[in-house]
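Undergrad: This is the structure I want to talk about, given as structure tokens.
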Amino acid sequence: MIDRFGENLASGRKSGDGLLSLATPTRIDCNLALGMESREIADEALTSSSSFDESSVGPRNARIKTEQNGGAWCPRRQISPTVREWLQIDLGTRRLITSIETQGRYGEGVGQEYATAYSIEYWRPELAGWHRYKDRNENEILPANNDTSTPVTRKMDSPFVASKIRIVPWSDHTRTVCMRVELRGCSFADPLRSYAAPWSFAEDNRRWMDNSYDGDVFSNGTMTGGLGQLYDGVVGSERFLNCSYDWVGWRRSETGSMVELEFNFASFRNFTSIALHVGYFEAKMMGAFSSASLHFGTSREDALQRLPLQFGPPIESLSRGTRWVIIPTKHRVARCVLIKLEMATEWLLISELKFESTPARMMSIGQRRMGTLPVGGLLNPSRKSSVAILSYDFVPTEYVALAIGVILVLIGMGTVFLAVYLVRQKRMNAGKERRSHMAPIYAYDCLAPVGRADPALAKGLEALLTSNGTVLSMARRPTVLPSRPSDKAPSSSARLYDARELSPTDDCYYSEYADPDMASSPTVPLIPPPPAVERRRSISGSSTLQTTLFGKKRRSCPLDQQHGLAYSLYYASSDVTNPEEEEQPQRATAKPTPLMELFASLGCPLVERSRLEMQEKLGEGEFSEVHLCRMKINDSVSCQVAVKTRRSGGNDHCWKDFERELRVLAKLDHANIIRLLGVSADNDNCLLVFERMENGDLNQYLRLRGSRLSSSDLLRFAGQIADGMRYLESLHFVHRDLATRNCLLDHQLNIKIADFGMARSLYQNDYYRIEGRFVLPIRWMAWECVLLGKFSTKTDVWAFGVTLWEVYMLASEQPFAVCNDQQVIENLQHMYYNESLLVYLRKPDICPPELYALMMSCWSKDETDRPTFADIRSLLRGFTSAIASS
């Protein structure tokens, strides 16, 4: 507890996998004077229940071996069994107390007062109140002095951690008492705050009980919220039958076969290993555990939901002795560690636990909730674990030599690869026609050409970002997807992959929530590839798309509608269509459901058109508008609502898609999703009536009132957004435009996710217009959305990371404000060729490091490395609990 685990085991030797044979461990000096005599403890830190005279014998005079004023602290009343007085010392921080030294009042030879005995009470923030110390014989009264001048030191049988200490003088008969005191111990920087365990049991005269435990002990046999003998730095000897105080024991017939230990830390730690000091005595049916299951998380509840680590100690024949059992934890990151030990014999004895860990400034998230994983086991090797960047305070010295060797090997391999590269480059220059088949596939031709990042633009962007103090990180370039000359050129850009390259079970094949397009696959690029790609289609020609994907005919709609941007159910999409373009003839399909028949099948209220009074137009698109309206409930009551109108224009196919999504929308029911109140009809137009939010959108609220919000308010906003998105994720719906502008606030400041942002001129600069046809929120979009036209719930997770950044920036600036739109796309192109963006959004000043780590994980290149919204909500709950407890 007071030294590094490696130092504790310095005198040990390996005796097998997971086992160490140990002598008494080495420890640093922890019997240092803590500052009473030296005055490192200030006068203001010394208080008392009373003083006979404050100036001469007040608490400030209670410094050992110091003749100051009256020469000691003397309480006002004489001490007896019924009188309680105390001297309190505030240490200012946590200290490990190993001994206490006392002295009477000498007073230059005239003093005659001293304490013959005293008790100790201590406090630290984790304790519910003051705890009274007991020695190994459970005595609370400790012997003190026999004269006024001789200092007497009492060593603590079990050192304890305290921030404040009270010395309470005691006497079995009435007498005048004066005291001088010194505390001895050392600083306590250990991150462990408390542990919980089942209450241990006694047998005959042997008491293997955690007598020094200072937390709460409940009648059901559990101990919580304290520290004790399992973590006091004292390692028990082999004489555990005669010296049972140093050991804690559990009996299977009393506690059951499973012993559960819970350890809570002040901050997130990266654990390398955990060691348990256990006792063996075959004749008395005492032994180690047969297996251990370790859970890691932010709290007990969170840890139990996460992937456990299983460990089985090697079988060893040992009739009697002690062993350190080492459990490697493979850099698990947690603030709570739950250890479940399966007892192998009747008795399990443990004297001490040690944790080898370092601070984890960016915590691990998104662990997959699968079956148990044995130590050394692997998940699917093709899927990376969702772990954010971890930083440590030191580099283990045992890895230095290995790192140097690896570097030398890489230098040698680099020389060979350079020679090979030069030879290949010569051959490639001889066959320039092959380049067209190696161009990457992009969804937009907004940068020309985009087969490679424009060097001039990239250089300018890098210079701009460097001047703004942003760290640039370059990574290797991934393999570019080649086009196959054997494929025939399709009729549109939709045919980018064949059925062998894409699986219908991929995450990208989800329905969509805010930008519905049930007729098209989200993997279809949103605009044609650049001219550098051989298989392309000019947008100046036909405005329709007809192609075959996976061998099935796709229904045809105007180009913007194929992108799912023409009929968002929540906003009037600001698509722009060239009026000179004409629609291609459409193949006959099933006719859409008549309007009134559709309304009857939705199961939501039908609102009479006469009850809706239009007040203000919020936005307008090609096929839809959004209005602020007043809806009459009755003759005397009315309320404001948002009304989305769907015009009768467009073809039957697109109306059919609109009809399908409307059926889904009518079924959405979540506290953090804007609610469809009803539907209405105006001639052949469909009117969708939504609840109106009194406090507007979150973006404007943060701008105007962000300075008044607390950290818990911001975390509550983030949690509610994650809740709503988790609901949509469970239904496999993709939002496509998650941002603070689309998070609305009701009268109680609860978040309601909607999608009115694109329809409001206030946010027109948040959208990038593609060839004058449609607009995209590229500053919130994942790289695969912009470059590949691929949307999934994991691209919504990317947008959530940007939205969380907006929240903690209090919406004071636009994401990537230092970049213009082309530089934003250039930044995303950099991730296509490398493993990272050229520049990331900086950490907001008020954002905790753990939340910024969450943002970074949302912006991972591989979508499988991004957390799910369920993971995000679980993590945010842990942060909320931590803030509430602090």
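Residue numbers (the working numbering): 56 to 941.
Note that beta-carbon positions come from the ideal geometry of N, C-alpha and C, so glycine has one too.
Note that the structure is predicted; figures quoted are calculated from it, not measured.
On the CB-based measure, 16 or more other CB atoms within 10 Å of its CB, does residue 927 come out buried or exposed?
TA: Working through the sequence shown from its first residue, we reach residue 927 at position 872. Buried is the call here.
Undergrad: How should residue 332 be labelled, buried or exposed, when 16 other C-beta atoms within 10 angstroms of its C-beta is the threshold for buried?
TA: As a first step, residue 332 must be located in the sequence shown, where it is residue number 277. The residue in question, residue 332, is buried, as its Cβ has 16 or more Cβ neighbours within 10 Å.
Undergrad: Quick check on residue 520: does DSSP put it in helix, strand or coil?
TA: Taking the sequence shown and counting its residues from 1, one reaches residue 520 at position 465. For residue 520, the pLDDT reaches just 44, beneath the cut-off of 50, and the residue's location in the model is therefore unreliable, leaving the point undetermined.
Undergrad: Is it buried or exposed, residue 467, if we count other Cβ atoms within 10 angstroms and call 16 or more buried?
TA: Locating residue 467 in the sequence shown gives position 412, where the first residue counts as 1. Per the 10 Å Cβ criterion, exposed.
Undergrad: Quick check on DSSP: helix, strand or coil for residue 129?
TA: Mapped onto the sequence shown, residue 129 falls at position 74. Coil at residue 129, not helix or strand.
Undergrad: Got a sec, what are the start and stop residues for the alpha helix (DSSP H) residue 879 sits in?
TA: If you number the sequence shown from 1, residue 879 lands on position 824. Run containing residue 879: 876 to 888, per the alpha helix (DSSP H) assignment.
Undergrad: Does the separation of the CB atoms of residue 278 and residue 251 fall below 8 Å?
TA: To locate residue 278, count along the sequence shown from 1; it is residue 223. To locate residue 251, count along the sequence shown from 1; it is residue 196. Cβ distance < 8 Å, so residue 278 and residue 251 count as in contact.
Undergrad: At a cut-off of 7 Å, would you count residue 232 as near the ligand ZN, judging by its Cβ distance to the nearest heavy atom?
TA: With respect to the ligand ZN, the structure offers nothing, as it holds no ligand at all.
Undergrad: Following the continuous beta strand (DSSP E) through residue 409, name the residue where it begins and the one where it ends.
TA: Your numbering for residue 409 matches position 354 in the sequence shown. Its beta strand (DSSP E) spans residues 402 to 414.
Undergrad: For residue 441 and residue 281, I'd like the C-alpha separation in whole angstroms.
TA: In the sequence shown, the residue the question calls residue 441 occupies position 386. In the sequence shown, the residue the question calls residue 281 occupies position 226. Residue confidence for residue 441 is low, a pLDDT of 35 falling below 50, so the modelled location carries little weight; the figure read from the coordinates is stated next. One C-alpha to the other measures close to 33 Å.
Undergrad: Within the same chain, show all residues whose beta-carbon is closer than 6 Å to that of residue 213, passing over the 5 residues directly before and after it, in chain order.
TA: In the sequence shown, residue 213 corresponds to position 158, counting from 1. 267, 284 and 287.
Undergrad: Quick check: the Cα distance between residue 102 and residue 127, rounded to an integer number of angstroms?
TA: On the sequence shown, residue 102 is found 47 positions in, with the first residue counted as 1. On the sequence shown, residue 127 is found 72 positions in, with the first residue counted as 1. Spanning the two alpha carbons is a distance of roughly 13 Å.
Undergrad: Apart from the five residues on each side of it in sequence, which residues of its chain come closer than 6 Å, Cβ to Cβ, to residue 406?
TA: As a position in the sequence shown, residue 406 is number 351, starting the count at 1. Within the same chain, residue 406 has close Cβ partners 290, 291, 301, 302 and 332.
Undergrad: Considering Cα atoms alone, identify which of 340, 402 and 840 is closest to residue 305.
TA: In the sequence shown, residue 305 corresponds to position 250, counting from 1. For residue 305, the nearest C-alpha among the options comes from 402.
Undergrad: To the nearest angstrom, report how far apart residue 152 and residue 389 are at their CA atoms.
TA: Reading the sequence shown from its first residue, position 97 is the one you call residue 152. Reading the sequence shown from its first residue, position 334 is the one you call residue 389. The alpha-carbon atoms of residue 152 and residue 389 are separated by roughly 28 Å.
Undergrad: What are the start and end residues of the alpha helix (DSSP H) that includes residue 360?
TA: Here residue 360 refers to the residue found at position 305 of the sequence shown. 355 to 360 is the span of the alpha helix (DSSP H), which, as asked, contains residue 360.
Undergrad: Enumerate in chain order the residues of its own chain whose CB-to-CB distance from residue 924 is below 6 Å, with the five nearest sequence positions on each side excluded.
TA: In the sequence shown, residue 924 corresponds to position 869, counting from 1. These residues qualify, in order along the chain: 777, 780, 781 and 784.
Undergrad: Alpha carbon to alpha carbon, how far is residue 136 from residue 933? Give it in angstroms, no decimals.
TA: Along the sequence shown, one-based indexing puts residue 933 at 878. Along the sequence shown, one-based indexing puts residue 136 at 81. Each residue's Cα considered, the two are about 48 Å apart.
Undergrad: Cα separation between residue 771 and residue 330?
TA: The residue you call residue 771 lines up with position 716 of the sequence shown. The residue you call residue 330 lines up with position 275 of the sequence shown. Rounded to the nearest angstrom, the two C-alpha atoms are 38 Å apart.
Undergrad: By DSSP's criteria, residue 230 is part of a beta bridge. Which residues make up the other side?
TA: By 1-based counting over the sequence shown, the position of residue 230 is 175. Bridge partners of residue 230: 134.
Undergrad: I think residue 121 touches residue 235, with their Cβ atoms under 8 Å apart; what is that distance to the nearest whole Å?
TA: Translated into the one-based positions of the sequence shown, residue 121 becomes position 66. Translated into the one-based positions of the sequence shown, residue 235 becomes position 180. Going by Cβ atoms, the distance from residue 121 to residue 235 rounds to 7 Å, so yes, they are a contact pair.
Undergrad: If you reduce the DSSP assignment to three classes, tell me which class residue 904 lands in.
TA: Position 849 of the sequence shown, counted from the start, is the residue given in the question as residue 904. Note: residue 904 maps to helix in three-state DSSP.
Undergrad: Tell whether a beta-carbon distance below 8 Å holds between residue 239 and residue 87.
TA: Numbered from 1 along the sequence shown, position 184 holds the residue referred to as residue 239. Numbered from 1 along the sequence shown, position 32 holds the residue referred to as residue 87. Contact flag set, yes.
Undergrad: Report the option in 840, 822 and 774 whose CA atom is closest to the CA atom of residue 808.
TA: Position 753 of the sequence shown, counting from 1, holds the residue named residue 808. If we check each option's Cα against that of residue 808, 774 comes out closest.
Undergrad: Taking the alpha helix (DSSP H) that residue 927 falls in, what are its first and last residues?
TA: Here residue 927 refers to the residue found at position 872 of the sequence shown. First-last of the alpha helix (DSSP H) with residue 927: 924 to 940.
Undergrad: For a quick check, are the C-beta atoms of residue 680 and residue 672 less than 8 Å apart?
TA: Your numbering for residue 680 matches position 625 in the sequence shown. Your numbering for residue 672 matches position 617 in the sequence shown. The answer is yes: Cβ separation under 8 Å.
Undergrad: The beta strand (DSSP E) spanning residue 695 covers which residue range?
TA: Position 640 of the sequence shown holds residue 695. Segment 693 to 701, the beta strand (DSSP E) holding residue 695.
Undergrad: Would you call the CB atoms of residue 821 and residue 796 closer than 8 Å?
TA: Here residue 821 refers to the residue found at position 766 when the sequence shown is read from its first residue. Here residue 796 refers to the residue found at position 741 when the sequence shown is read from its first residue. The answer is yes: Cβ separation under 8 Å.
Undergrad: According to the neighbour-count rule (16 or more other Cβ atoms, all chains shown, within 10 Å of its Cβ), is residue 929 buried or exposed?
TA: Reading the sequence shown from its first residue, position 874 is the one you call residue 929. The residue in question, residue 929, is buried, as its Cβ has 16 or more Cβ neighbours within 10 Å.
Undergrad: Where does the unbroken beta strand (DSSP E) through residue 223 begin, and where does it stop?
TA: In the sequence shown, counting from the first residue as 1, residue 223 sits at position 168. 207 to 225 is the extent of the beta strand (DSSP E) around residue 223.
Undergrad: Could you please give the first and the last residue of the uninterrupted beta strand (DSSP E) stretch that includes residue 840?
TA: Sequence index remark: in the sequence shown, residue 840 carries index 785 (1-based). Where residue 840 is concerned, there is no enclosing beta strand (DSSP E), although the alpha helix (DSSP H) it sits in stretches over 838 to 843.
Undergrad: Alpha carbon to alpha carbon, what distance is there between residue 353 and residue 147?
TA: Your numbering for residue 147 matches position 92 in the sequence shown. Your numbering for residue 353 matches position 298 in the sequence shown. Residue 147 and residue 353: Cα-Cα distance of roughly 27 Å.
Undergrad: What would DSSP say about residue 921, mapped onto helix, strand or coil?
TA: Sequence index remark: in the sequence shown, residue 921 carries index 866 (1-based). DSSP places residue 921 in coil when its eight states are reduced to three.
Undergrad: Within 10 angstroms of the Cβ of residue 939, are there 16 or more other Cβ atoms? Answer buried if so, exposed if not.
TA: Residue mapping note: residue 939 aligns to position 884 of the sequence shown, counting from 1. So residue 939 counts as exposed.
Undergrad: Between which residues of its own chain and residue 231 is the CB-CB distance below 6 Å, once the five residues before and five after are set aside?
TA: In the sequence shown, counting from the first residue as 1, residue 231 sits at position 176. Cβ neighbours of residue 231 beyond the five flanking positions: 133 and 168.
Undergrad: Could you tell me the distance, in whole angstroms, from the CA atom of residue 877 to the CA atom of residue 900?
TA: Here residue 877 refers to the residue found at position 822 of the sequence shown. Here residue 900 refers to the residue found at position 845 of the sequence shown. Cα-Cα distance, rounded: 27 Å.
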